[in-house]
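Colleague: Everything in the sequence shown is counted per this note's numbering, starting at 163 for the first residue and increasing by one.
Glycine included, every Cβ here is placed at the ideal spot set by N, Cα and C.
Just so it is clear, the structure is predicted and the values come from calculations on it, not from any experiment.
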Amino acid sequence: MMNRFIVISASLFLFLSILLLPLLNPNYWLKWRAALVPSTKLAADLIVRNGFTFTSDPSLPFADSMAIRDGRILRVGNYSSLQDLAGYGTKELNLEGKVVVPGLIDSHVHLIFGGLQMIQVELRGVNNKEELLRRVKEAALSNPFFSLYG
């Protein structure tokens, strides 16, 4: 009788251990929490805040925040007006007063002169003023009879 009790107890312990094993994984609890926390269908992936956003919209020319989902802007406005779009997984980016402008900014390069510049001074990969000045100076010193356009 005692052996039967030990076998049944050990079997029950093993069964419950296997059944409850997923509870040790932290991701298991995150999935449950996400399922239990109410969220809107349009929860933003990212809320960009504390910036200076030019909207090109006459009714709201400037805003300090915007909500983004799947690479598309859901809403632009002040930070408090976007709080209903914040969901469980929404990340926030503090722009610390930086400027955001929409669209593609055309630097207006004429094809021929732009091509000549690329031949004379290699500017690919330049991402700061000091490097730009160093490369232009280097090109000017290496070919004193060469014209530099800019």
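Under 9 Å between the Cβ atoms of V210 and V263?
Modeller: Taking the sequence shown and counting its residues from 1, the one referred to as residue 210 is at position 48. Taking the sequence shown and counting its residues from 1, the one referred to as residue 263 is at position 101. For V210 and V263, no; Cβs fall outside 9 Å.
Colleague: Return helix, strand or coil for N165, following the three-state DSSP convention.
Modeller: For the purposes of this step, residue 165 is taken as residue 3 along the sequence shown, with counting starting at 1. If DSSP states are grouped into helix, strand and coil, N165 belongs with the helices.
Colleague: If you drop the 5 nearest sequence neighbours on each side, which residues of the same chain put their C-beta closer than 8 Å to that of D232?
Modeller: For the purposes of this step, residue 232 is taken as the residue at position 70 of the sequence shown. Closer than 8 Å at the Cβ level, and outside the excluded window around D232, lie D207.
Colleague: Quick check on G251: buried or exposed, where buried means 16 or more other Cβ atoms within 10 Å of its Cβ?
Modeller: Translated into the one-based positions of the sequence shown, residue 251 becomes position 89. Its Cβ having fewer than 16 others within 10 Å, G251 is exposed.
Colleague: Can you name the start and end residues of the beta strand (DSSP E) that L204 belongs to?
Modeller: Here the question's residue 204 lines up with position 42 in the sequence shown. Element bounds for L204: n/a, residue is neither H nor E.
Colleague: Beta-carbon separation of N212 and L244 under 9 Å?
Modeller: By one-based count along the sequence shown, residue 212 stands at place 50. By one-based count along the sequence shown, residue 244 stands at place 82. Contact: no.
Colleague: Mapping the DSSP letters down to three states, classify F177 as helix, strand or coil.
Modeller: Along the sequence shown, read from residue 1 onward, the residue named residue 177 stands at position 15. Three-state DSSP puts F177 in a helix.
Colleague: If we ignore side chains and look at the alpha-carbon of each, how far apart do D226 and H272 end up?
Modeller: As a working mapping, residue 226 is identified with position 64 in the sequence shown. As a working mapping, residue 272 is identified with position 110 in the sequence shown. Answer to the nearest angstrom: the Cα atoms are 35 Å apart.
Colleague: How long is the line joining the alpha carbons of R378 and L181, rounded to whole angstroms?
Modeller: No statement about residue 378 is possible, as the shown extent of the chain runs from 163 to 312 and does not include it.
Colleague: Grab the span of the beta strand (DSSP E) containing L247 for me, first residue to last.
Modeller: By one-based count along the sequence shown, residue 247 stands at place 85. No beta strand (DSSP E) holds L247; DSSP gives it neither H nor E.
Colleague: Our contact map puts L222 next to R237 with C-beta atoms below 8 Å; I'd like the distance itself, whole angstroms only.
Modeller: Locating residue 222 in the sequence shown gives position 60, counting from the first residue. Locating residue 237 in the sequence shown gives position 75, counting from the first residue. No, L222 and R237 are not in contact; Cβ-Cβ is about 11 Å, not under 8 Å.
Colleague: Does the Cβ of I230 have 16 or more other Cβ atoms within 10 Å, making it buried, or fewer, making it exposed?
Modeller: Reading the sequence shown from its first residue, position 68 is the one you call residue 230. Under this definition I230 is a buried residue.
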